[in-house]
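Chemist:
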Amino acid sequence: MKPRIQFRRLDGILLLDKPTGMSSNAALQSARRLFRAEKGGHTGSLDPLATGLLPLCFGEATKIAGLLLGSAKAYDADIVLGQSTDTDDAEGQVLLQRPVPSISADALQAALAPFLGHIRQRAPVYSALKQGGEPLYLKARRGEVIDAPERDVHVQSITVLEQQADRLRLRVTCGSGTYIRSIARDLGETLGCGAHIGALRRLWVEPFLDPVMVTLDQLRTLADAGDEAGMEAHLLPLAAGLVAYPPVHLDEQQAARFCMGQRLRDTSWPTGLVVVHDAAGGVCGLGQVDETGLLASQRRFNP
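Throughout the sequence shown, residue numbering follows my numbering, covering 6 to 308 in sequence.
#1: Beta-carbon separation of threonine 90 and leucine 54 under 9 Å?
#2: Rank Leu58, Leu192, Val158, His254 by C-alpha distance to the C-alpha of alanine 309 and give the top, closest one.
#3: Can you tell me whether proline 53 is helix, strand or coil according to DSSP?
#4: Label leucine 33 either buried or exposed according to how many other C-beta atoms from any shown protein chain fall within 10 Å of its C-beta, with 16 as the threshold for buried.
#5: Return the CA-CA distance between arginine 14 and serine 28, expressed in angstroms with no decimal places.
#6: Have a look at the DSSP bridge pairing and note the partners of threonine 90.
#7: Going residue by residue through the segment 189-249, where are the continuous alpha helix (DSSP H) segments of at least 4 residues, counting only ones entirely within it?
#8: Would you identify the three-state DSSP class for leucine 255, choosing helix, strand or coil?
#9: Just to confirm my understanding: we take glutamine 11, look at its own chain, exclude 5 residues before and 5 after, and list those with CB closer than 8 Å. What are they?
#10: Note down, in chain order, each residue of its chain lying with its Cβ closer than 8 Å to the Cβ of glutamate 296, except the 5 sequence neighbours on either side.
#11: Ends of the alpha helix (DSSP H) at leucine 19?
#12: Distance, Cα to Cα, aspartate 16 vs proline 252?
#13: Tell me whether the beta-carbon of leucine 208 lies closer than 9 Å to the beta-carbon of isoleucine 18.
#14: If we ignore side chains and look at the alpha-carbon of each, how far apart do lysine 144 and alanine 128 end up?
#15: Is aspartate 111 helix, strand or coil when you go by DSSP?
#16: Report buried or exposed for arginine 270, applying the criterion of at least 16 other Cβ atoms within 10 angstroms of its Cβ.
#17: Answer yes or no: the CB of aspartate 256 versus the heavy atoms of the ligand ZN, is any distance below 8 Å?
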């Protein structure tokens, strides 16, 4: 019988290289157990098929997971032409197989053009989006007829990395909520042959544009050796997830007032959402500064 895990208070951000075949939540729970962290959350699901960056937040860092959820992201996508699947990726059942026409580089660029910018996108039927309080994939597995919702997403860029007769490799930079599976599916229909994702890797998530990722296997090796210091060396401080927001620095008295929920005013502070630092440089929380310089607490962090 395995000894019961003694969970502990642990704060920080882990840049996990999620393995293929594992859900984001399963990856989170595996990492949380290895670190023995009391509290953890991820910053937006990666499909089980996908690999790559999955930022995990532990302890106080879970309070900023929602901010990271809305960040821009980049992916490398391998797209298989000529086959449509029920999941829009290689894990699904083939629904339709069609011949792949000859596609010139110019014709491919023309086909990709409508997928750039602010677009309307229909989510995959097998997705975690909820309808009536239930994820669509559960309804799909029961064989229910599903009208998958459309929503507005933003695709900043699509670069063709490789083009073969029946395969494409694309690099996609996009905003939150974009399904790369939907791009593959809809591109296949535009080309007249159908398509699905064969492999998908997430490269970065703002603000982690050049991430040094760690795998679960590397963490297990350190855990098996009892090297908690080596594991914790992979954790980033909470502040690393907030570098996109301007700082406000408070003295000791001001920081104490902010932490008690009191409002402060200084017309030199930048307006909008700010990161509030105490006199020692620690992060007290997030605040909102209005046009008059009034700082109101939005989220406070416990040191």
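Positions of the beta carbon are idealized from the N, C-alpha and C atoms, including for glycine.
Modeler: Quick look at the numbers:
#1: Not in contact: threonine 90 and leucine 54 (Cβ atoms no closer than 9 Å).
#2: The chain is shown only over 6 to 308; residue 309 falls outside these bounds and no answer can be derived.
#3: It is coil, neither helix nor strand.
#4: Result: buried.
#5: Here the C-alpha atom of arginine 14 lies approximately 25 Å from the C-alpha atom of serine 28.
#6: Among the bridge pairs identified by DSSP, threonine 90 is matched with Val99.
#7: Those alpha helix (DSSP H) runs which fall completely within the segment 189-249 and span 4+ residues are 221-229, 233-237.
#8: Here leucine 255 sits in coil by DSSP.
#9: Arg41, listed in sequence order.
#10: Excluding sequence neighbours, glutamate 296 sits near Thr276.
#11: Looking at the DSSP string, leucine 19 is not in any alpha helix (DSSP H); the run it does join, the beta strand (DSSP E), is 17-23.
#12: So the two alpha carbons sit approximately 20 Å from each other.
#13: No, the Cβ-Cβ distance between leucine 208 and isoleucine 18 is not below 9 Å.
#14: Low confidence applies to lysine 144: its pLDDT is 48, below 50, so where it sits in the model is not reliable, and the reading given next is rough at best. For lysine 144 and alanine 128, the distance between alpha carbons rounds to 14 Å.
#15: If DSSP states are grouped into helix, strand and coil, aspartate 111 belongs with the helices.
#16: Classification of arginine 270: exposed, given that the 10 Å Cβ count is below 16.
#17: Annotation note on the ligand ZN: not contained in the displayed structure, which lists no ligands.
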